[in-house]
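Residue numbers (the working numbering): -3 to 609.
Next comes the structure, spelled out in structure tokens:
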């Protein structure tokens, strides 16, 4: 009997041992797979950040090259092309980033610079790296590795494109501070033996700091590390693999970027799998300890382990989205950190986990940028949180952090009391800088008329309506092209489109910074300037516009000038007028202008004089 019991017990223990062994192996394999996957996702995200940053510049150069080529085909003068480059440089510095250093280029043998820099007599753009690289790539938008800019004397990298004439090149500089900041942001997030760099299409490491001191493993030069990585990549035919450098194992992730560039992340394998080694040690101890326990206890522990694994997987999935995660018990006013950066170590700031209300206020005092601090202080007020979460399970707020990155803060209800008020919530922060800036860029595009480059009807009308609420008065002008249908019928819609583009360009040329220019549709345009308060100023501005329009030369029109009929309304700050009212008044004036030959403007006060007559 005892022998049978011993046999049963031995079999049971053996079964538990086998079960624990299989579980340990599965846990090891799953943990390793998860760690490798997390590294791959982080490398992909880092590469995407770089790619998005570079793509913005590529798009800007492509757009500028398109318009410059169009202006060259139309016979625009160097001064007109330079004015366009200056205008676009100013627009991009506001709409995209101050790290983009303006548009310039060698246009039909003459160097034109949109930043206002005047070239020295000994400056030969044909010898510059951006020109040579663009000429070599024959019309493909080209990324140029960092070099010292002769204009500013600071390290930059260029994005350049050769035009269709085969000798002109348009380019834009990216100040290396922007790329270096982005690289440091990626590198600091890892907090381990980690290297992140770019490789250009020639297989050379891109030097972010332009000082030939890119970091590499001790005793190894950066170019040697690149050779080892590229050799292993060619051998394995995959973009992630492990290598050994100076006796240390590393895991490498290489992701493609624009123009045959690549982003490379290199992580120390030992540090990467340090958590897995701890898991292995704990599992071994558990196997030795539980080998003498009953099958029931083993199964119970196995169930708990499975539940814990499920929670860890859920939290792991959330950490891919949120930089910081906390749970807050609103009843006990206690906060517990799940994950976050060292900058948000509230335990060290407060010496504990109590006083969640005070701790959140301190976090925002430190973490939020000055312009976002007041709103975030109100958002993290726990005394009003229950009321704000009464109708829903989550509320969010976008803000700038102290590094000027856009973030989104979120309160998420985890548990409610019997009266439906929140008892426990999660406090989450995610970085949305690229998403936010991309949204803003799309908003900018949605507001523009793609043909003419001025605001479209919806965005322009909304902007003017907002300005009218400020009751400043000003000048509202409506205009359309005389005999535009005849131009389309006689010369074709392509020439008609060019008339629209040139008309918009003339309006923009005389417009001031705060003026609003919009295309209402077809050949109809409108403009609003709140700085003009007298008829003399209005006539001077309109005369400048007409002079610009008269200088437009469209060869297909065979010497015919573009003529417009205009209606103008001057109104004072004490007059309350809507956009529709201004439009009707200006439209009537435009109708009257059509009674006159050539370009003509009728002011609204002249209509009153006609009625009196």
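The beta-carbon is built from N, C-alpha and C at its ideal position, and this holds for glycine as well.
Going by the beta-carbon positions, is the gap between residue 619 and residue 559 smaller than 8 Å?
The first residue shown for the chain is -3 and the last is 609, placing residue 619 beyond what the model contains.
Please report how far the alpha carbon of residue 600 lies from the alpha carbon of residue 396, in whole angstroms.
47 Å
Please go through the same chain and pick out, in chain order, the residues whose beta-carbon is closer than 7 Å to the beta-carbon of residue 42, but skip the five residues on each side of it.
182, 192, 259, 261
Determine the closest residue to residue 160 out of 493, 362, 64, with distance taken between C-alpha atoms.
64
Coarse secondary structure for residue 237, derived from DSSP in three states:
In the structure shown, residue 237 sits in a strand (DSSP, three-state: E or B).
Can you give me the C-alpha to C-alpha distance between residue 538 and residue 548, rounded to a whole angstrom?
Take the alpha-carbon of residue 538 and the one of residue 548: they are about 16 Å apart.
Sequence-distant residues of its chain with Cβ nearer than 7 Å to residue 408 (five each side left out)
389, 390, 421, 422, 424
Alpha carbons only, please: which of 545, 472, 135 is nearest the one belonging to residue 497?
545
Hey, could you find the ends of the beta strand (DSSP E) residue 488 is sitting in?
Premise fails: residue 488 is in no beta strand (DSSP E) and is neither H nor E.
For residue 446, verify whether its CB is less than 7 Å away from any heavy atom of the ligand FAD.
Absence of the ligand FAD from the depicted structure is noted, as is the absence of any ligand whatsoever, leaving it without description.
List in chain order: all unbroken alpha helix (DSSP H) runs of 4+ residues lying wholly within the stretch 449 to 506.
453 to 464, 480 to 487, 489 to 506
Secondary structure at residue 168, three-state DSSP: helix, strand or coil?
strand
Residue range of the alpha helix (DSSP H) that includes residue 363
352 to 363
Let's test the definition: count the other Cβ atoms within 10 Å of the Cβ of residue 499 and tell me whether it reaches 16, buried, or not, exposed.
Label assigned to residue 499: buried.
Residues that DSSP places opposite residue 109 in a beta bridge
100
Using CA atoms only, rank isn't needed, just tell me which of 76, 18, 602, 166 is closest to residue 57.
166
To the nearest angstrom, how far is the alpha carbon of residue 450 from that of residue 501?
9 Å
Local Cβ density within 10 Å of residue 567, reported as buried at 16 or more and exposed below that:
Per the 10 Å Cβ criterion, buried.
One question on the structure: do residue 236 and residue 249 come within less than 8 Å of each other, judged by their Cβ atoms?
Between residue 236 and residue 249, the CB-CB gap stays under 8 Å.
So, are the CB atoms of residue 53 and residue 100 less than 8 Å apart?
No. Outside cutoff.
Let me know if residue 320 comes out buried or exposed under the rule of 16 or more other beta-carbons within 10 Å of its beta-carbon.
Burial call: buried.
Just how far apart, CA to CA, sit residue 264 and residue 239?
10 Å
Provide the residue span of the beta strand (DSSP E) that contains residue 407, from first to last.
Element bounds for residue 407: 402 to 412.
Look at the alpha carbon of residue 610 and the alpha carbon of residue 519, and state the distance between them as a whole number of angstroms.
Outside the modelled stretch of the chain, which goes from -3 to 609, sits residue 610, for which no answer is possible.
Taking C-beta to C-beta, are residue 156 and residue 132 nearer than 8 Å?
no
DSSP three-state label for residue 48, please.
helix
Presumed contact (8 Å Cβ cut-off) between residue 113 and residue 195, rounded CB distance:
At roughly 31 Å, the Cβ-Cβ gap does not stay under 8 Å, so residue 113 and residue 195 are not in contact.
Specify the secondary structure class of residue 245 as computed by DSSP and reduced to three states.
If DSSP states are grouped into helix, strand and coil, residue 245 belongs with the strands.
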